[in-house]
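Numbering (the numbering used here), first residue to last: 112 to 347.
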């Protein structure tokens with residue numbers, strides 16, 4: 112995290128990560144507040160602020176005189192975070208990516224879900240379609256559009272089982288810094304039902320996401336999510 116990140120957020124993220132990676136399994140006790148003060152080099156009010164957020168988010172339950180008990184958590188899909196799915200789920204279960212349509216350069220679709228600048232309209236977009244599977248179960252089908260700026264040879268790279276955000280960061284110096292999203296329920300079309308292996312007409316989640324980066328490139332994603340076994344969460 113950045114040096115400017117509040118100390119209570121650092122403590123929160125470290126403990127949350129340890130819970131999600133089963134270092135602190137469900138039903139176990141977290142270290143005492145005094146132990147965490149020594150571990151993170153912070154004050155008790157800072158630790159208590161982090162614990163309050165962990166409890167509010169459902170990760171722990173605090174009991175007076177006993178301590179903080181870790182709650183059993185479900186698998187979560189990190190679609191609401193500015194991190195990519197691969198970064199969040201990479202250490203949990205077997206996450207794989209299947210390319211439905213490889214990246215290609217083209218024009219923007221008519222009636223695009225977000226407004227575009229004149230420059231973005233002129234340079235066109237790079238479009239790709241992916242199916243994300245967790246433990247071989249399809250959970251997210253997404254259609255990605257990237258503004259075609261500063262992305263030389265992007266279409267020649269392989270994205271099967273490779274994080275898009277990591278590729279943008281490592282190969283192009285592009286970091287996601289902010290975003291916005293629209294979420295609604297939608298009945299699965301025959302095509303989407305086939306990809307997600309659900310009945311046609313089943314209610315699924317439909318997300319429209321715009322990611323803003325440190326450069327001129329924006330990333331847009333239209334995601335269709337099968338959430339019977341998973342629920343979405345965000346960390347902001």
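Built from N, CA and C at the ideal position, the CB exists for glycine as well. All figures in this text were calculated on a predicted structure; none of them were measured in a lab.
- Judged by DSSP in its simplified three-state form, residue 297 adopts strand.
- Scanning 257, 304, 337, 315 for the CA closest to the CA of residue 322 turns up 257.
- In the DSSP assignment, residue 277 falls within the unbroken alpha helix (DSSP H) covering 275–283.
- Under the three-state reduction of DSSP, residue 153 is assigned to coil, being neither helix nor strand.
- Residue 294 and residue 135 have their alpha carbons spaced roughly 32 Å apart.
- Contact between residue 286 and residue 328 is ruled out by a C-beta separation of about 11 Å, above the 8 Å threshold.
- Distance from the CA of residue 252 to the CA of residue 337, rounded to the nearest whole angstrom, comes to 9 Å.
- Annotated three-state conformation of residue 308 is coil, per DSSP.
- If you ignore the 5 residues before and after residue 151, its C-beta comes within less than 6 Å of the C-beta of 122, all in its own chain and listed in chain order.
- Boundaries of the beta strand (DSSP E) harbouring residue 240: 236–245, taken from the DSSP string.
- In the structure shown, residue 232 falls within a helical segment according to DSSP collapsed to helix, strand and coil.
- The Cβ-Cβ distance between residue 167 and residue 138 does not fall below 9 Å.
- Restricting attention to 231, 262, 334, 234, the CA atom closest to the CA of residue 281 is found in 262.
- Rounded to the nearest whole angstrom, the CA to CA distance from residue 205 to residue 242 is 14 Å.
- Looking at the DSSP output, residue 136 bridges to nothing.
- Under the three-state reduction of DSSP output, residue 172 falls in the strand class.
- The C-beta of residue 233 has fewer than 16 other C-beta atoms within 10 Å across all chains shown, which makes the residue exposed.
- Counting the other Cβ atoms within 10 Å of the Cβ of residue 230 gives fewer than 16, which makes it exposed.
- Between residue 296 and residue 314, the C-beta gap is smaller than 9 Å, which places the two residues in contact.
- If the five residues before and after residue 304 are omitted, its C-beta is found closer than 7 Å to the C-beta atoms of 310, 311, 313, all from its own chain and listed in chain order.
- Classified as exposed, residue 220 has fewer than 16 neighbouring CB atoms from the shown chains inside 10 Å of its CB.
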